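Below you'll find the structure, written out as structure tokens, and then a few comments.
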Amino acid sequence: MSTPDQWYAQPILTGRLVRLRPMVAEDASGYFEASRADGAGSEVFRWLALTPPPDVETAEVQILAALAARARGERFAYAQLDAVSGEFIGTTSYYEVDPDRRALGVGHTWLTRTRWRRGHNTESKLLMLSHAFTRLEAARVVFHTDIFNTRSQAAIERLGAVKEGVIRKHRIRLDGSWRDSVQYSITDDDWPQVQAKLTDALLR
22 MSTPDQWYAQ
32 PILTGRLVRL
42 RPMVAEDASG
52 YFEASRADGA
62 GSEVFRWLAL
72 TPPPDVETAE
82 VQILAALAAR
92 ARGERFAYAQ
102 LDAVSGEFIG
112 TTSYYEVDPD
122 RRALGVGHTW
132 LTRTRWRRGH
142 NTESKLLMLS
152 HAFTRLEAAR
162 VVFHTDIFNT
172 RSQAAIERLG
182 AVKEGVIRKH
192 RIRLDGSWRD
202 SVQYSITDDD
212 WPQVQAKLTD
222 ALLR
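Numbers given in the numbering used here equal positions in the sequence shown, counted from 1, plus 21.
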């Protein structure tokens, strides 16, 4: 059985396309470049509680906020790196980590547009889910997305996650409006089928 300390650790997770390691302040330059690659900006950040950083200094501020959330035990942010080039290509996180209930969330994710639909997001999710279910022995992994973010909902459903319902007034958007969130989950019972599905998708 995994220990509580393991749930709050952030081991490096490496695949064929993506390498996930804990995000650090020194990632600011790569973070900034990835956020604006291919004119990404507002489209990549549209549904996040962040705006596209206008400069490296703002990117560092956003990273430091994520590191502060890590120190509080609220969110554990990873840098997504291209496994071949080492280029910074986005971020993703574990959140709502609860060792007692063997549950956690995966989200706060963005990926530079140059890596969309190339398998990087699929492999990133496979790495995070594999760590959660295999090494941490999680019973449940949840995902939350804005009720209007149909692109994200479709992506989560492609993973094999089960839609559980809508959490009303779950979070506050940047513009101050209330966000209803769609909640999905994958349980340890679902995991073998989800793992096979994602592995097969990466082989295509």
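A virtual CB, placed ideally from N, CA and C, is assigned to each residue, including glycine. Predicted, not measured: the structure shown is a model, and the values here were computed from it.
Around residue 68, the same chain offers 167, 170 as residues with beta carbons nearer than 6 Å, after the five sequence neighbours per side are excluded.
In the three-state DSSP reduction, residue 174 falls in the helix class (H, G or I).
Between the alpha carbons of residue 26 and residue 117 lies a gap of roughly 15 Å.
The beta strand (DSSP E) runs of length 3 or more contained entirely in the stretch 145-210 are, from start to end of the chain, 161-167, 183-193, 199-208.
Around the Cβ of residue 131, a 10 Å sphere holds 16 or more other Cβ atoms; the residue is buried. Judged by their CB atoms, residue 180 and residue 41 are not nearer to each other than the 8 Å cut-off. At least 8 Å separates the beta-carbon of residue 95 from that of residue 49. DSSP, reduced to helix, strand and coil, places residue 127 within a strand of the structure shown. Annotated as distal: residue 70 and residue 125, with beta-carbon spacing of 8 Å or more. By the Cβ test, the stretch 89-105 is not in contact with the stretch 208-218, since fewer than three Cβ pairs between them sit closer than 8 Å.
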